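A short worksheet on the structure shown next.
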Amino acid sequence: IVSDWQGSSSTTPKLLRPFVSKEALAWVDDAVWRPSAHHVNWTIKSKMSKYYSCNGRNSFGPHPDDPQGKTLMKIEGDLLVRPENLPLVPNVLGRKMAPKIERFIIKLILQNFEAMSKALQRYFDDVKRNESPNPNSGI
38 IVSDWQGSSS
48 TTPKLLRPFV
58 SKEALAWVDD
68 AVWRPSAHHV
78 NWTIKSKMSK
88 YYSCNGRNSF
98 GPHPDDPQGK
108 TLMKIEGDLL
118 VRPENLPLVP
128 NVLGRKMAPK
138 IERFIIKLIL
148 QNFEAMSKAL
158 QRYFDDVKRN
168 ESPNPNSGI
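All residue numbers for the sequence shown refer to the working numbering, where the first residue is 38 and numbers rise by one.
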């Protein structure tokens, strides 16, 4: 599944706003689902990818508190910001900015995961609502 995303400059840290264009806040989430293995491998790419790389895996399994009724989603990923590649930014400043950039990118990624989790919950809720009633349920 390939999804296009667009971030907002209003969520960009003030220190970074002069360096961040609308294009810099757009990315593509390329997700390869492996249903039989209960995971999805994902990669985030953009026109700004020479400044960072980001990829990982989301795994799904039974929740230890309620294995029959709940699912545990585990998110693992790697983010590498390359401050030395930032245009017009001295290396010293780039190294100082890297942690702020990483926090900002991670915030956007987490929003993506939250949206995915909510979409999955809506899907499962819809499936549950559309199931035929159990004849033994008294309905």
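Quick reminder that beta carbons are idealized off the backbone N, C-alpha and C, glycines included.
Computed from a predicted model, the values in this text were never measured in an experiment.
Rounded to the nearest angstrom, the Cβ distance from valine 118 to tyrosine 88 is 7 Å, consistent with a contact under 8 Å.
For arginine 71, the uninterrupted beta strand (DSSP E) segment begins and ends at 63-71.
Spatial neighbours of valine 77 in its own chain (CB-CB distance under 6 Å, excluding positions within 5 residues in sequence) are listed in chain order as Ala68, Trp70 and Asn95. CA-to-CA, the gap between alanine 61 and glutamine 105 works out to about 42 Å.
Residue pairing by DSSP puts isoleucine 81 in a beta bridge opposite Asp66 and Cys91. In this structure, the alpha-carbon of isoleucine 81 lies about 25 Å from that of leucine 130.
Listed in chain order, the non-local C-beta contacts of methionine 85 below 7 Å within the same chain comprise Ala61, local neighbours out to five positions each way being set aside. Shown here for glycine 114: same chain residues with a beta carbon closer than 6 Å to its own, the five before and five after excluded, namely Gly93 in chain order. When the alpha-carbon of glutamine 43 is set against those of Lys51, Phe56, Ser73 and Ser83, the nearest one is in Ser83.
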